[in-house]
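Written below as structure tokens is the structure these notes are about.
In the working numbering, the protein residues as written are 57 to 945.
In structure tokens, the structure reads:
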């Protein structure tokens with residue numbers, strides 16, 4: 057009977073002890089034992105398990121990118137990754153929060169439950185993996201303050217530094233770790249995590265040398281072999297980035313020998329290959345890589361192996377072999393688009409560094425096609441590709457138009473023969489492209505041609521993508537995969553024309569216009585012929601395209617690629633071929649600046665050229681001689697001209713405001729005098745049009761309609777394509793119908809210009825020009841600056857050769873002022889010889905139509921002395937009166 061009573065008493069005693077020990081305010085052994093036991097086994101254990109479960113999921117989802125430095129810590133890198141483990145992390149937070157809530161024993165400002173700090177850390181870590189960094193920050197900082205005497209403080213510091221790094225607070229992370237480094241009380245067992253955290257920080261700073269130093273200190277503390285191998289691999293990568301290839305090879309070799317992770321071993325071998333520095337090591341690694349190629353386990357890694365072989369070949373200074381390996385790498389790469397991009401880029405950058413821009417464009421274009429969005433320097437790669445596309449398009453235009461012009465110069469018989477050859481060659485390209493494509497697994501393994509899109513049947517044959525790529529799909533359907541070899545068409549071909557299918561006979565039906573096709577593409581001579589320029593206008597248009605492309609390519613070389621040598625070649629080619637183009641002055645100035653830069657770079661005097669044209673002085677003299685008074689001449693004479701011009705604009709605007717204020721105050725006479733003063737004193741001001749327009753408004757207020765009309769007309773002539781010109785023309789159009797008294801009524805079709813008035817009103821001859829029949833003469837042609845003079849000088853040269861070849865005449869071009877261009881034909885010994893030439897020139901209808909058919913064109917004969925006066929004073933109309941009076945009457 058006593059036994060049941062004793063059992064009941066024991067149960068009651070246990071219940072009593074449990075009830076009394078639940079208190080978190082009593083610092084007794086029983087209370088501490090109860091809360092420590094419950095916190096550890098009933099709370100923290102399950103919290104830690106949930107945290108571990110989530111972390112295992114994160115590690116499982118993570119895929120190492122061996123082309124980048126492997127992360128020391130594997131974490132959730134995106135919100136999507138964090139969402140996948142949110143339930144595990146929330147469970148951990150819930151369990152540990154309950155432990156803290158119900159079992160914390162903070163008595164006399166000290167925590168008596170030994171597992172509370174661990175539960176705080178679990179909550180903070182779970183928030184970290186959820187990417188709730190602000191909350192993680194708060195809790196880690198709390199732990200470092202609240203549990204200073206405990207080793208947990210150091211764990212919180214290291215995790216806090218990682219949180220700062222994820223938030224982009226690198227400076228805060230650095231200060232925190234630097235302070236920890238000064239802490240002499242740090243327990244030895246915490247040193248491994250400290251050095252790892254510091255290495256992680258330096259990697260983010262891209263200070264790979266210091267990162268390697270810290271990681272080297274951390275590795276001995278790592279107990280797990282797998283983790284040690286990973287850290288050794290990262291250390292090797294850091295040595296590679298720090299420019300220590302021998303150290304990198306040593307640690308990659310260590311990983312390759314000790315690791316059981318095949319991907320780690322494989323990539324260690326690949327990295328060893330890319331770090332070899334001498335032929336002996338390279339030869340050994342090459343042998344290993346060749347063996348790896350034959351191993352079936354490495355089929356999916358062949359692209360990386362070929363890439364590594366390419367790196368070795370480049371270091372052995374075998375670029376052709378290296379390029380072949382890179383291309384093979386891109387060809388066999390099917391799923392690893394990042395490696396495919398790297399292979400294409402390696403070829404592209406080699407060609408780019410060699411200034412072989414056309415092949416560089418092809419491979420940059422191919423790289424961009426498969427470039428993953430997170431690829432390093434993706435935006436810069438795309439920009440370079442776009443710039444190359446722009447350049448190659450211009451270069452192709454020059455090649456295309458030159459080829460077309462060469463064809464246009466052939467006789468009909470020779471042209472037909474040449475087109476037949478081109479048609480056959482082009483058809484063979486199309487067939488060969490189809491055959492090659494049939495044995496490729498992916499079209500992107502073949503770099504695209506410089507032009508994009510499919511060309512129409514009549515497109516120029518050199519860049520006809522249709523001729524190269526169209527019909528590939530049809531070919532596959534019809535012929536299937538074929539081995540790339542000679543006479544591949546001889547199997548299962550359609551029998552026709554005596555059994556040969558027409559495939560090997562170039563004289564198939566209608567071969568004069570088309571060649572037999574096996575690729576689905578038919579190339580016809582008639583289509584090619586459509587692009588050949590025939591008329592004078594077509595030929596001039598072709599030359600204009602060349603001019604524009606030469607100038608554009610020069611600018612691309614200079615501004616986008618900093619390739620001064622090719623820029624010089626492009627601009628020099630332009631002025632040598634087309635010395636009357638509208639870009640002549642600009643090209644001269646570009647050449648002046650490019651050679652000046654070249655000379656200044658070689659301050660030691662090492663720059664030297666026997667060619668007198670290869671110097672800044674040569675182009676400086678050309679600018680000053682042929683374009684005196686131009687903005688380019690001002691820039692050559694005074695490099696500070698642009699700065700001064702900016703200051704002048706500010707000054708001109710201030711003076712304009714002063715005159716405008718007089719106008720607003722109705723002080724019209726003073727305003728008119730001030731406006732005239734500005735127009736006379738500052739003819740080259742960038743706001744000259746505003747001076748003129750304000751003067752026209754003043755004339756209107758003074759009721760001087762004729763004066764207003766004269767000024768408005770001058771604006772339309774001197775400042776075309778400006779707002780002031782458009783407004784001036786609008787007012788003139790109104791005056792035509794509203795104010796016939798101004799000489800602009802319905803009887804006249806247009807406003808009278810100063811030239812019209814000069815032609816109808818007797819004007820006294822200028823005393824500045826002197827008649828001298830015996831002195832040397834020139835013939836001059838003046839026309840507005842906006843006129844395209846392309847073709848003028850070639851036409852004059854043709855005329856001179858045909859009619860005055862014995863005189864050895866030359867034609868040069870220049871500007872008289874900002875509004876007028878001038879071509880000078882020189883030199884004639886006297887007035888008689890000059891006028892004989894002038895009369896013959898004016899009688900040549902073909903040349904005359906090309907040149908004098910332009911608006912405002914003036915042709916005259918002039919002595920050398922009078923030409924100097926004309927050039928200084930810019931009085932073209934005054935000289936035309938002199939010429940009419942002294943030479944034509």
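Think of the CB as a built atom: it goes at the ideal place given N, C-alpha and C, for glycine as much as any other residue.
Subject >> Proximity to residue 407 [Cα-Cα], best of 773, 419, 187 >> reply: Position 351 of the chain shown, counted from the start, is the residue given in the question as residue 407. Residue 407 has its Cα closest to that of 419, out of 773, 419, 187.
**OP:** Under 8 angstroms by Cβ, that's how I've got residue 365 and residue 381 pegged, so tell me the actual separation to the nearest angstrom.
**Re:** Mapped onto the chain shown, residue 365 falls at position 309. Mapped onto the chain shown, residue 381 falls at position 325. The beta carbons of residue 365 and residue 381 sit about 4 angstroms from each other, so the pair counts as a contact at 8 angstroms.
Original post:
CB residue 835 to CB residue 890, shorter than 8 angstroms?
Top reply: Position 779 of the chain shown, counting from 1, holds the residue named residue 835. Position 834 of the chain shown, counting from 1, holds the residue named residue 890. The answer is yes: Cβ separation under 8 angstroms.
Original post:
Is the number of C-beta pairs between the stretch 601 to 617 and the stretch 467 to 485 that are closer than 8 angstroms three or more?
Top reply: Result no; under three Cβ-Cβ pairs closer than 8 angstroms.
**OP:** State the beta-bridge partners of residue 835 as determined by DSSP.
**Re:** Here residue 835 refers to the residue found at position 779 of the chain shown. Its beta-bridge partners are 881, 917.
Subject >> Coil, strand or helix - residue 809 by DSSP >> reply: To locate residue 809, count along the chain shown from 1; it is residue 753. Low local confidence applies: a pLDDT of 35 at residue 809 is under 50, so the model's placement there is unreliable, and no value is given.
Original post:
Can you list, in chain order, the stretches of the beta strand (DSSP E) that have 3 or more residues and sit fully within the stretch 323 to 357?
Top reply: Runs found: none.
Subject >> Contact under 8 angstroms by Cβ, residue 275 with residue 267 >> reply: Here residue 275 refers to the residue found at position 219 of the chain shown. Here residue 267 refers to the residue found at position 211 of the chain shown. Residue 275 is not a Cβ neighbour of residue 267, given a cutoff of 8 angstroms.
Subject >> Member of 390, 389, 391, 403 whose CA lies at the smallest distance from the CA of residue 370 >> reply: Taking the first residue of the chain shown as 1, we reach residue 370 at position 314. Checking every option, the nearest Cα to that of residue 370 belongs to 403.
**OP:** Name the one or two DSSP bridge partners that residue 440 has.
**Re:** In the chain shown, counting from the first residue as 1, residue 440 sits at position 384. Here residue 440 is not bridged, per DSSP, to any residue.
**OP:** Could you tell me if residue 768 is buried or exposed, where buried requires 16 or more neighbouring beta carbons within 10 angstroms of its beta carbon?
**Re:** The residue you call residue 768 lines up with position 712 of the chain shown. Answer is buried; the Cβ neighbour count reaches 16.
Original post:
Do you know offhand how far residue 761's Cα is from residue 586's?
Top reply: Taking the first residue of the chain shown as position 1, residue 761 is located at position 705. Taking the first residue of the chain shown as position 1, residue 586 is located at position 530. Approximately 56 angstroms, taken between the alpha carbons.
Original post:
Quick one: Cα of residue 579 to Cα of residue 488, how far?
Top reply: Start at 1 with the first residue of the chain shown, and residue 579 comes out as number 523. Start at 1 with the first residue of the chain shown, and residue 488 comes out as number 432. Between residue 579 and residue 488, the alpha-carbon positions lie close to 14 angstroms from each other.
Original post:
Which residues in the same chain have their Cβ closer than 8 angstroms to the Cβ of residue 734, if we skip the five residues on either side of it in sequence?
Top reply: One-based indexing of the chain shown puts residue 734 at position 678. Apart from sequence neighbours up to five positions away, the residues of its chain that approach residue 734 with a beta-carbon distance below 8 angstroms are 708, 711, 712, 715, 741, 747, ordered along the chain.
Original post:
Out of curiosity, what's the CA-to-CA distance linking residue 856 and residue 730?
Top reply: The count along the chain shown starts at 1 and reaches residue 856 at position 800. The count along the chain shown starts at 1 and reaches residue 730 at position 674. Between residue 856 and residue 730, the C-alpha separation is close to 50 angstroms.
Subject >> Where residue 579 falls: helix, strand or coil (DSSP) >> reply: As a working mapping, residue 579 is identified with position 523 in the chain shown. Here residue 579 sits in coil by DSSP.
**OP:** May I ask you to list the residues that DSSP assigns as paired with residue 166?
**Re:** Indexing the chain shown from 1 puts residue 166 at position 110. Residue 166 is bridged to 163.
Subject >> Complete runs of the alpha helix (DSSP H) confined to the stretch 92 to 168 [at least 4 residues] >> reply: Fully enclosed alpha helix (DSSP H) runs of 4 or longer: 101 to 117, 135 to 140, 142 to 159.
**OP:** Identify whether residue 657 lies in helix, strand or coil by the three-state DSSP scheme.
**Re:** Counted from its first residue, the chain shown places residue 657 at position 601. In this structure, residue 657 counts as helix in the three-state DSSP scheme.
**OP:** Tell me, please, whether the stretch 181 to 192 touches the stretch 99 to 112 by the rule of three or more beta-carbon pairs shorter than 8 angstroms.
**Re:** Because the criterion of three Cβ pairs below 8 angstroms is met, the stretch 181 to 192 and the stretch 99 to 112 touch.
Original post:
Looking at C-alpha atoms only, which residue of 263, 318, 257, 253 is the closest neighbour of residue 285?
Top reply: Counted from its first residue, the chain shown places residue 285 at position 229. That would be 318, whose Cα lies nearest to the Cα of residue 285.
Original post:
Going by C-alpha distance, which of 751, 462, 248, 173 is nearest residue 104?
Top reply: Numbered from 1 along the chain shown, position 48 holds the residue referred to as residue 104. The residue with the shortest Cα to Cα distance from residue 104 is 173.
**OP:** State the CB to CB distance for the pair residue 220 and residue 229, rounded to an integer number of angstroms; the pair is presumed to be in contact (CB under 8 angstroms).
**Re:** Numbered from its first residue, the chain shown carries residue 220 at position 164. Numbered from its first residue, the chain shown carries residue 229 at position 173. At roughly 4 angstroms, the Cβ-Cβ gap stays under 8 angstroms, so residue 220 and residue 229 are in contact.
Original post:
If you draw a straight line from the C-alpha of residue 507 to the C-alpha of residue 446, how long is it?
Top reply: In the chain shown, the residue the question calls residue 507 occupies position 451. In the chain shown, the residue the question calls residue 446 occupies position 390. Summary for residue 507: the model assigns pLDDT 37, below 50, so the residue's position carries little reliability; its value from the coordinates is reported in the next sentence. Approximately 10 angstroms between the Cα atoms of the pair.
**OP:** Following the continuous alpha helix (DSSP H) through residue 276, name the residue where it begins and the one where it ends.
**Re:** For the purposes of this step, residue 276 is taken as residue 220 along the chain shown, with counting starting at 1. Element bounds for residue 276: n/a, residue is neither H nor E.
Subject >> Beta-ladder partner(s) of residue 867, from DSSP >> reply: Residue mapping note: residue 867 aligns to position 811 of the chain shown, counting from 1. Answer by DSSP bridge pairing, in chain order: 881.
**OP:** Give the secondary structure of residue 876 by DSSP, where H, G and I count as helix, E and B as strand, and everything else as coil.
**Re:** In the chain shown, counting from the first residue as 1, residue 876 sits at position 820. If DSSP states are grouped into helix, strand and coil, residue 876 belongs with the strands.
Subject >> Reduced DSSP secondary structure (H/G/I, E/B, other) of residue 840 >> reply: Here residue 840 corresponds to residue number 784 of the chain shown, with the count starting at 1. Of the three classes helix, strand and coil, the one that applies to residue 840 here is strand, per DSSP.
**OP:** Let me know if residue 58 comes out buried or exposed under the rule of 16 or more other beta-carbons within 10 Å of its beta-carbon.
**Re:** As a working mapping, residue 58 is identified with position 2 in the chain shown. Note that residue 58 scores a pLDDT of 43, beneath 50, so its modelled location is shaky; the value from the coordinates is reported in the next line. Residue 58 is exposed by the Cβ-count criterion.
Original post:
So does the stretch 640 to 649 actually touch the stretch 424 to 439, counting three or more Cβ pairs closer than 8 angstroms?
Top reply: Touching, no, given that fewer than three Cβ pairs across the two stretches are closer than 8 angstroms.
Subject >> Where residue 187 sits in the DSSP three-state scheme >> reply: On the chain shown, position 131 is the one that residue 187 refers to. In the displayed model, residue 187 falls within coil according to three-state DSSP, outside both helix and strand.
Subject >> Span of the alpha helix (DSSP H), counted from its first residue to its last, around residue 251 >> reply: What you label residue 251 is simply residue 195 of the chain shown in a count that begins at 1. According to the DSSP assignment, residue 251 belongs to the alpha helix (DSSP H) that extends over 247 to 260.
Original post:
Which whole runs of the alpha helix (DSSP H) in the stretch 365 to 406 are 4 residues long or more, in chain order?
Top reply: Counting whole runs of 4 or more residues, the stretch 365 to 406 contains the alpha helix (DSSP H) stretches 375 to 388.
Subject >> residue 311 versus 295, 287, 743, residue with shortest Cα-Cα distance >> reply: Your numbering for residue 311 matches position 255 in the chain shown. Among 295, 287, 743, the Cα nearest to that of residue 311 belongs to 287.
Subject >> Burial state of residue 412, where buried means 16 or more other Cβ atoms lie within 10 Å >> reply: If you number the chain shown from 1, residue 412 lands on position 356. With fewer than 16 Cβ atoms within 10 Å of its Cβ, residue 412 is classed as exposed.
Original post:
Around the C-beta of residue 199, are 16 or more other C-beta atoms found within 10 angstroms, so that it is buried, or is it exposed?
Top reply: Translated into positions along the chain shown, residue 199 becomes position 143. Classification of residue 199: buried, given that the 10 Å Cβ count is 16 or more.
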